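Engineer: After the structure tokens below, expect a handful of questions from me.
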Amino acid sequence: MSDSKEASMLVLVYRATSPKLNPASARSYLDYMVTHSVYQTLFRRNDQGNFTGGLVETWKVFEEGKIYQLRLKPEAKFSDGSEVLAIDVIESLSMHGWPEINSIVDQYLKDIVLGYSDIKESGQIPSGLVALDEKTVQIELSHPSPHLLNILSMPGFAIQKSGILKRNQSLDGSGEFYVRWNESSNVLTMKRRQEAKKSKHLPTEIEVRWTIDLSEIKETLKSRMVHLVLGLSPEKVEELEIENQILKDYTVLKSESFSINAFVLNERTNALREIPKMRRDLGLLIQAVTAYCTNELSYQTPRSSLLPEGLLPEFYYDRKVEEISADLFASRWGHLFGERDFNILIDDNFWDPSWCRSFKAKIESVLPTIKVHIGRATEFQKTWEAGEIDLFPFGYIGNFPDPYGFIYGLKSDLIPHFKISSDDLMTRAVLANQIRDPKRRLIKYAKIIQEFEDSGWIIPMFKSFVPMILHKIVRLSMGDMKYEDRLCQLFKLIEIKEPGEA
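Take 655 as the starting number for the sequence shown in our numbering and just add one per residue.
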């Protein structure tokens, strides 16, 4: 399959749509895996978890944290040999606010960069982004934010060559790979730049093919000519595992993700919504049913908290959760569920279909007026807006290695139609962030997020894992990237073993 001197690898991605090669438009881990390899960010975290320059050589902070001046590395270049300039940085950050980009991370800049919320049309540059010279960018904030470097290290804010929209899709990356994209065949060829090589084991070329043909994946796996398969649902992977010999030379891995699946309570005012104890009991009931239905699944783990393990002190995760039975819930609150049906939506496009069926049967046995509808969340959007869906599925993904970033994702204006107030939560989180002692700061974070969870507006259910099929001659050097999105780093971490190497 490979020669250790010129190791190449084939990756198959099971997906209907081609990748979004513009980091500002990326929306899934499959997109970010590619863009994070093709493009670099201004900052990154080193092995000790400290910030260091990616494309930035030095930076200075003025006016008590309101002005940042970033000096780009003289050797920072795109794959066509041209230098990375201030105008590239300014356009790359500005385009998240352009209407046609539909960025999912634009709010991070909109909240803090001066003039960013005023962007209305394509090409517009906020007043807070200025080129002091060809290699120096000044970022002026509307208010000091200790999280700017965190934001600028996120994969979505990778730097592209200016004028990308005029060229349709830019492949002049600033990262580790030269890239060729064949749109007609849905094939992306990534050739590692010579200066990026760090090990003779790293593949020099990676070919990524997008396909929706499961039989093609089966045949390629049988021939043992593919190194990595991504994008398959857990059900599809289990189907392959059942068929003999298909995965004979492969290992199925579960990559941990930061995706916490939850329910969010509808915004409409009614008696159920206004009773904190009922909201709490409803959350406990749903978590109990979730745990029961998730027991036999390999790619879901029940969760009763929103933040991933390791971010907060142990007491946050070890707290005893009160249990409530279906009979107890019905005796306490059954009288409130008689006026009309209480409707819950679950999405079998993202959640295991067998789990959905089991959850529906279990929940509907509690009270006759509780109805569970299985369908795509996007198809029920108008029904939700009309107030006819009481609990709506919510996929919560944190972006920062710091707890504040996960709390930030709970801002009411970041969650569609989630208008219950989280202002108090955010105010307290900002104050907690100013505590200098790290232990005291984490304790404060843990207390405020636990109180918010106990309010019952959002009900955590389970954490998802992403299946990966990996040939046994390929290895992943995951390292200790405890808080980083491992999948975004995937192509940088893959190595091809020497023939006969253990």
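For glycine and all other residues, C-beta sits at the position ideal for the given N, C-alpha and C. From a predicted model like this one, the values you see are computed outputs, not experimental measurements.
Where does V692 fall in DSSP's three states?
Structural biologist: Locating residue 692 in the sequence shown gives position 38, counting from the first residue. Of the three classes helix, strand and coil, the one that applies to V692 here is helix, per DSSP.
Engineer: Label H750 either buried or exposed according to how many other C-beta atoms from any shown protein chain fall within 10 Å of its C-beta, with 16 as the threshold for buried.
Structural biologist: Counting from 1 along the sequence shown, the entry for residue 750 is found at position 96. H750 comes out buried.
Engineer: The beta strand (DSSP E) with A785 in it runs from where to where?
Structural biologist: Within the sequence shown, residue 785 is the residue found at index 131, counting from 1. Where A785 is concerned, the enclosing beta strand (DSSP E) stretches over L783 to D787.
Engineer: Evaluate contact between the stretch 980–1000 and the stretch 1012–1022, counting only Cβ atoms and requiring at least three cross-stretch pairs below 8 Å.
Structural biologist: Touching, per the Cβ criterion.
Engineer: If you draw a straight line from the C-alpha of L1147 to the C-alpha of Y946, how long is it?
Structural biologist: Residue 1147 sits at position 493 when you count from the first residue of the sequence shown. Residue 946 sits at position 292 when you count from the first residue of the sequence shown. Between L1147 and Y946, the C-alpha separation is close to 36 Å.
Engineer: Would S913 and K674 be called neighbours here (beta carbons separated by less than 8 Å)?
Structural biologist: Position 259 of the sequence shown, counted from the start, is the residue given in the question as residue 913. Position 20 of the sequence shown, counted from the start, is the residue given in the question as residue 674. Contact flag unset, no.
Engineer: Out of D1108, L907 and T948, state which residue places its alpha-carbon closest to the alpha-carbon of K974.
Structural biologist: Mapped onto the sequence shown, residue 974 falls at position 320. Among D1108, L907 and T948, the Cα nearest to that of K974 belongs to D1108.
Engineer: Check whether the Cβ atoms of I758 and L960 lie closer than 8 Å to each other.
Structural biologist: Your numbering for residue 758 matches position 104 in the sequence shown. Your numbering for residue 960 matches position 306 in the sequence shown. Contact: no.
Engineer: Looking at the structure shown, is S913 part of a helix, part of a strand, or coil, going by DSSP?
Structural biologist: As a working note, residue 913 is residue 259 in the sequence shown. Here S913 sits in strand by DSSP.
Engineer: Within the chosen definition, does the stretch 789–800 reach the stretch 716–726 through at least 3 CB pairs nearer than 8 Å?
Structural biologist: Yes: at least three Cβ pairs fall under 8 Å.
Engineer: Could you tell me if T1081 is buried or exposed, where buried requires 16 or more neighbouring beta carbons within 10 angstroms of its beta carbon?
Structural biologist: Numbered from 1 along the sequence shown, position 427 holds the residue referred to as residue 1081. By the neighbour-count rule (16 or more Cβ atoms within 10 Å), T1081 is not buried but exposed.
Engineer: So for H797, helix, strand or coil by DSSP?
Structural biologist: In the sequence shown, residue 797 corresponds to position 143, counting from 1. In this structure, H797 counts as coil in the three-state DSSP scheme.
Engineer: Just how far apart, CA to CA, sit E859 and L1124?
Structural biologist: Looking up residue 859 in the sequence shown gives position 205. Looking up residue 1124 in the sequence shown gives position 470. For E859 and L1124, the distance between alpha carbons rounds to 17 Å.
Engineer: Taking the beta strand (DSSP E) that M932 belongs to, which residues open and close that run?
Structural biologist: One-based indexing of the sequence shown puts residue 932 at position 278. Careful: M932 lies outside any beta strand (DSSP E), inside the alpha helix (DSSP H) at P930 to T948.
Engineer: What are the uninterrupted segments assigned as beta strand (DSSP E) that are 3 or more residues long and contained completely in the stretch 981–1006, given in chain order?
Structural biologist: Within the stretch 981–1006, the complete beta strand (DSSP E) runs of at least 3 residues are 996–1000.
Engineer: Closest to H690 by C-alpha separation, out of K902, K714, Q1143 and I1150, would be which residue?
Structural biologist: Position 36 of the sequence shown holds residue 690. It is Q1143 whose Cα lies nearest to the Cα of H690.
Engineer: Using a Cβ distance threshold of 8 Å, determine whether the stretch 856–871 contacts the stretch 836–844, with at least three qualifying pairs required.
Structural biologist: The answer is yes - the stretch 836–844 touches the stretch 856–871, with three or more Cβ pairs under 8 Å.
Engineer: Buried or exposed for E1149, please, with buried defined as at least 16 other CB atoms from any protein chain shown within 10 angstroms of its CB.
Structural biologist: As a first step, residue 1149 must be located in the sequence shown, where it is residue number 495. Buried.
Engineer: Touch check for the stretch 677–693 and the stretch 896–903: three-plus C-beta pairs under 8 Å?
Structural biologist: The stretch 677–693, when compared against the stretch 896–903, does not touch it at the 8 Å Cβ threshold.
Engineer: Rounded to whole angstroms, what's the CA-CA distance from Y953 to E794? Just pull it up for me.
Structural biologist: Position 299 of the sequence shown, counting from 1, holds the residue named residue 953. Position 140 of the sequence shown, counting from 1, holds the residue named residue 794. Using only the alpha carbons, I get a separation of about 43 Å.
Engineer: Would you decide whether M1115 is buried or exposed? Buried here means 16 or more other CB atoms lie within 10 Å of its CB.
Structural biologist: Against the sequence shown, residue 1115 aligns to sequence position 461. It counts as buried.
Engineer: Helix, strand or coil: which one does DSSP assign to E859?
Structural biologist: Here the question's residue 859 lines up with position 205 in the sequence shown. Here E859 sits in strand by DSSP.
Engineer: For I1089 and Y1099, I'd like the C-alpha separation in whole angstroms.
Structural biologist: For the purposes of this step, residue 1089 is taken as residue 435 along the sequence shown, with counting starting at 1. For the purposes of this step, residue 1099 is taken as residue 445 along the sequence shown, with counting starting at 1. The straight-line gap from Cα to Cα measures roughly 10 Å.
Engineer: Cβ of A1040 within 8 Å of Cβ of D1001?
Structural biologist: Locating residue 1040 in the sequence shown gives position 386, counting from the first residue. Locating residue 1001 in the sequence shown gives position 347, counting from the first residue. In this structure, D1001 does not lie closer than 8 Å to A1040 by Cβ.
Engineer: Along the alpha helix (DSSP H) that carries G719, what are the first and last residues, could you check?
Structural biologist: Looking up residue 719 in the sequence shown gives position 65. Element bounds for G719: n/a, residue is neither H nor E.
Engineer: Classify L965 as buried or exposed, calling it buried when 16 or more other Cβ atoms lie within 10 Å of its own Cβ.
Structural biologist: As a working note, residue 965 is residue 311 in the sequence shown. L965 should be labelled buried.
Engineer: Could you name the residues of the same chain whose beta carbon sits closer than 8 Å to that of K908, not counting the 5 residues immediately before and after it, in chain order?
Structural biologist: Within the sequence shown, numbered from 1, the residue matching residue 908 stands at position 254. Around K908: S952, Y953, F1119, V1120, P1121 and M1122.
Engineer: Please tell me whether G1110 and P930 are closer than 8 Å, where the distance is taken between their beta carbons.
Structural biologist: Mapped onto the sequence shown, residue 1110 falls at position 456. Mapped onto the sequence shown, residue 930 falls at position 276. The answer is yes: Cβ separation under 8 Å.
Engineer: If you draw a straight line from the C-alpha of A834 to the C-alpha of S748, how long is it?
Structural biologist: Along the sequence shown, one-based indexing puts residue 834 at 180. Along the sequence shown, one-based indexing puts residue 748 at 94. In the sequence on display, residue 834 carries Arg and not Ala. Taking the straight line from one Cα to the other gives about 26 Å.
Engineer: Under the three-state reduction of DSSP, which class applies to N836: helix, strand or coil?
Structural biologist: Locating residue 836 in the sequence shown gives position 182, counting from the first residue. Strand at N836.
Engineer: Would you call the stretch 695–714 and the stretch 760–767 touching, i.e. three or more CB-CB distances under 8 Å?
Structural biologist: Too few Cβ pairs lie closer than 8 Å, so no.
Engineer: Quick one: is S1012 buried, meaning 16 or more other Cβ sit within 10 Å of its Cβ, or exposed?
Structural biologist: In the sequence shown, counting from the first residue as 1, residue 1012 sits at position 358. The residue in question, S1012, is buried, as its Cβ has 16 or more Cβ neighbours within 10 Å.
Engineer: With distances taken Cα to Cα, identify the nearest neighbour of E976 among S1008, P956, G937 and F969.
Structural biologist: Along the sequence shown, read from residue 1 onward, the residue named residue 976 stands at position 322. Cα-wise, what sits closest to E976 is G937.
Engineer: If contacts are defined as beta-carbon pairs under 8 Å, then F1004 and G1049 qualify, I think. What distance do you get, rounded to the angstrom?
Structural biologist: The residue labelled residue 1004 in the question sits at position 350 within the sequence shown. The residue labelled residue 1049 in the question sits at position 395 within the sequence shown. Right, the Cβ-Cβ distance comes to about 7 Å (below 8 Å), so this counts as a contact.
Engineer: Going by Cα to Cα distance, which pick from P1057, C1010, R863 and L1045 is closest to S838?
Structural biologist: The residue given as residue 838 occupies position 184 in the sequence shown. Among P1057, C1010, R863 and L1045, the Cα nearest to that of S838 belongs to R863.
Engineer: Could you check whether I744 and L696 sit closer than 8 Å to each other, using their CB atoms as the reference points?
Structural biologist: Walking along the sequence shown from the start, residue 696 turns up at place 42. Walking along the sequence shown from the start, residue 744 turns up at place 90. Not closer than 8 Å, so no.
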